[in-house]
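To start, the structure under review is shown below, and the notes come after it.
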Amino acid sequence: MQKPLLKEYQKKKTPMPERSPEERIRDFEEVALGYTYEQAVQEAKRCLRCLEPGCISGCPVEIDIPGFIACIVEGDLERAAKILREKNALPAICGRVCPQETQCEIRCVECGICWMYCPEGCMVLNEEGFFEPDYDYCKGCGICAEVCPLGAITMEVEVK
Numbered sequence: 001m002q003k004p005l006l007k008e009y010q011k012k013k014t015p016m017p018e019r020s021p022e023e024r025i026r027d028f029e030e031v032a033l034g035y036t037y038e039q040a041v042q043e044a045k046r047c048l049r050c051l052e053p054g055c056i057s058g059c060p061v062e063i064d065i066p067g068f069i070a071c072i073v074e075g076d077l078e079r080a081a082k083i084l085r086e087k088n089a090l091p092a093i094c095g096r097v098c099p100q101e102t103q104c105e106i107r108c109v110e111c112g113i114c115w116m117y118c119p120e121g122c123m124v125l126n127e128e129g130f131f132e133p134d135y136d137y138c139k140g141c142g143i144c145a146e147v148c149p150l151g152a153i154t155m156e157v158e159v160k
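Below, the structure written as structure tokens:
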């Protein structure tokens with residue numbers, strides 16, 4: 001699987017479009033409107049396609065989430081739907097009620113937390129697809145190492 005480029009990586013979640021409260025109080029229709037294709041691709045670009053994706057084991061039905069996401073980015077929606085149906089007979093229903101924030105998303109091991117918390121913005125994606133400090137700019141605060149859930153980042157820099 002091809003790793004995303006840092007310039008394509010998006011660290012913030014794409015907000016789900018919702019109906020206004022004024023509309024919702026009048027009926028029992030869906031609140032979430034769903035993503036447009038462009039928004040789905042934008043959201044899919046948050047995935048770093050880890051070598052050992054914890055999101056799959058976080059999913060109760062063990063869907064190949066990175067494979068599904070890669071198909072969205074590549075525009076192969078038929079293959080994306082097939083991946084969902086391989087492990088789940090009712091993906092449309094389950095997708096509506098799935099608490100992904102506390103299941104697959106929380107198990108993401110290449111989460112980019114280090115990048116989000118770096119006050120200097122000096123985390124870069126290396127050729128293997130992992131974040132590491134850009135030591136030319138790093139001030140050695142160590143926040144990235146503190147927030148890394150795997151302890152994969154170590155500070156090897158002398159403060160200048």
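1 is the number of the first residue of the sequence shown in full-length UniProt numbering; add one for each residue after it.
Built from N, CA and C at the ideal position, the CB exists for glycine as well.
Just so you know, these numbers come straight off a predicted model, no measurement behind them.
Classify residue i: buried if its beta carbon has 16 or more other beta carbons within 10 angstroms, exposed otherwise.
i           : result
Gly54       : buried
Met123      : buried
Phe68       : buried
Phe131      : buried
Glu18       : exposed
residue 176 : Nothing about residue 176 can be reported from this structure: the residues present for the chain run from 1 to 160 only.
Met1        : The predicted position of Met1 is uncertain, since its pLDDT is 37 and thus under 50; no value can be drawn from it.
What residue from the options has the CA that sits closest to residue i's CA?
i     : options                      : result
Glu83 : Gly95, Val73, Ile65          : Going by the sequence as given, residue 83 is Ile instead of Glu. Checking every option, the nearest Cα to that of Ile83 belongs to Ile65.
Thr36 : Pro133, Val73, Thr102, Lys87 : Val73
Ala92 : Gly34, Glu22, Glu38          : Gly34
Checking the sheet assignment: what are the DSSP bridge partners for residue i?
i      : result
Pro119 : Beta-bridge pairing links Pro119 to no other residue.
Val124 : Glu132
Glu18  : Ala32
Expressed to the nearest angstrom, what Euclidean distance is found between the alpha-carbon atoms of residue i and residue j?
i      : j     : result
Tyr135 : Cys47 : 25 angstroms
Arg78  : Asn88 : This sequence places Glu at residue 78; Arg is not what is there. If I take the Cα positions, the gap works out to 15 angstroms.
Pro60  : Cys71 : 21 angstroms
Does the region 137-148 come into contact with the region 113-121, if we say contact requires no fewer than three beta-carbon pairs (one atom in each stretch) closer than 8 angstroms? yes
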